[in-house]
Amino acid sequence: MTTPTETREDEEALPALAQALQDWTASLRILLDRLFKIAVLETRLAALSFVLILIIGIASGLLLASAWIALFAAIVTWFHALGLSWPISLLLMAGINFFLAIVGCYAIYRMSNNLMFRAIRKFILATEIHDGNAATTADRNQQPAQ
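Heads up: the sequence shown runs through residues 134 to 279, numbered per our numbering.
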């Protein structure tokens, strides 16, 4: 049986609990509001940075291409100054340029093999699932025969 004083204490505790819950939800709302504001600001900063990176990358690519053309022209002029004719100088430089392009393509081809995740694929293909248990070939070789 509850006494009248215990009932009164329970009735007084309910408003305190309701106030604590209301304070907690208000704090949570403020925290989430601040979190979303920070997320919005960081998203804007990331978008602006991404656009600037693209613009700077395109400008750098154009500058690099024009520098390559200027270097190409300087080397052709140097070949001509050594006594080669203009057509031979241009063909020689085009050949050098073509050779460098082939070397670059070969390097890309070799590095593209690293994108295949060979070890992971080999592991996945070597893994068999028996009765819900995964076992690799190496695991099966180490298990005693039954």
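Ideal placement from N, C-alpha and C gives every residue a C-beta, glycine not left out.
None of these values were measured; they are calculated from a predicted model.
Within 9 Å, strictly: CB atoms of residue i and residue j
i      : j      : result
Ile208 : Ile229 : yes
Ile221 : Phe212 : yes
Leu204 : Leu217 : no
Element boundaries [alpha helix (DSSP H), containing residue i]
i      : result
Ser222 : Trp219 to Ser245
Phe256 : Arg251 to Ala259
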